[in-house]
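Chemist: In the numbering used here, the protein residues as written are 49 to 309.
Note that CB positions come from ideal geometry on N, CA and C, so glycine has one too.
Take a look at the following structure, please.
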């Protein structure tokens, strides 16, 4: 029998959308919020089993994605005038994105309570760490309560800028053949539309910018239009990215990090 589930973003009662088998054995109900468009599972009791391996064996695109993400983060940080600030990946996995950003010259750090930091071991936040920008790639789809998750990160790291990825859907609840459900892994439990993320930003008192259907930015203050265009318009992103490769030449921390090891 469907449960009564309250949307963590809108506070409205969510309607049962469908049920599906996760991890090949758990019958799980999915619920949809008509108010903000959020789609989520029932309370996820299966996550301990789902996360026995923090990185899925089937994730063959992890290296390519991190390289692409580093290029995009470089553009966004420069456009937001945060290129000299401290950047923290709050779900950094193996620390690969942090290492790539440090190779580009950014003062980047990584933390992840579910995964060992292999590539940025010496660059983790200490007590009282204050960030100028937070990163959360492929995280929000794993989070049961996105409001609490982002609020806690903002408070802990005294920061209100978040660059994150999660694949959004449009219109009706996606059919069960949608690959992003990943029923076999049981790790994706929450799904968003662009209007869902806009509602989440409003709850947090932030401005929301949709770079693409899977890349998003929250900022504590509105971004001036000229700077906004640098990361929202694809044609300008391409040109700006080329410019930054020349501008940031020689700023890499690869060798200095090696000398300090």
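#1: So what does DSSP say about residue 122, is it helix, strand or coil?
#2: Grouping DSSP H, G and I as helix and E and B as strand, with all else coil, what is residue 275?
#3: Compare the beta carbon distance of residue 127 and residue 275 with 7 Å and say whether it is the shorter of the two.
#4: Among 292, 137 and 109, which has the Cα closest to the Cα of residue 160?
#5: Counting C-beta neighbours from all protein chains within 10 Å, is the total for residue 165 16 or more, i.e. buried, or is it exposed?
#6: Any contact between the region 190-198 and the region 227-234? By contact I mean 3 or more CB pairs, one from each, below 8 Å.
#7: Just verifying my parser: in three-state terms, what is the DSSP assignment at residue 221?
#8: Does residue 115 come within less than 7 Å of chain C when only Cβ atoms are used?
#9: Locate the beta strand (DSSP E) running through residue 134, then write down its first and last residues.
#10: Would you check if there are 3 or more beta carbon pairs closer than 8 Å linking the region 49-68 to the region 78-90?
#11: Over what stretch of residues does the alpha helix (DSSP H) that includes residue 267 continue unbroken?
#12: Which word fits residue 287, buried or exposed, when buried means at least 16 other C-beta atoms lie within 10 angstroms of its C-beta?
#13: Given a cut-off of 7 Å, decide if residue 182 and residue 210 are closer than it, judged by their beta-carbon atoms.
#14: The beta strand (DSSP E) with residue 78 in it runs from where to where?
#15: Take the Cβ of residue 249 as the centre, count every other Cβ of all protein chains shown within 10 Å, and call the residue buried at 16 or more, exposed below.
#16: Compute the Euclidean distance between the alpha carbons of residue 7 and residue 281, then round it to the nearest angstrom.
#17: Considering only the alpha carbon of each residue, which of 191, 154 and 190 lies closest to residue 179?
#18: So if DSSP puts residue 88 in a beta bridge, which residue, or which two residues, is it bridged to?
#19: Could you please give the first and the last residue of the uninterrupted beta strand (DSSP E) stretch that includes residue 155?
#20: State the Cα-Cα distance for the pair residue 114 and residue 212, rounded to the nearest angstrom.
#21: Are residue 118 and residue 148 close, meaning C-beta to C-beta below 7 Å?
Modeler: Quick answer:
#1: helix
#2: helix
#3: yes
#4: 137
#5: buried
#6: no
#7: coil
#8: In the structure shown, chain C cannot be found, because there is only a single protein chain.
#9: 134-137
#10: yes
#11: Here residue 267 belongs to no alpha helix (DSSP H); instead the beta strand (DSSP E) covers 263-267.
#12: exposed
#13: yes
#14: 74-80
#15: buried
#16: As displayed, the chain neither begins before 49 nor continues past 309, which places residue 7 out of reach and without an answer.
#17: 154
#18: 79 and 238
#19: 155-158
#20: 12 Å
#21: yes
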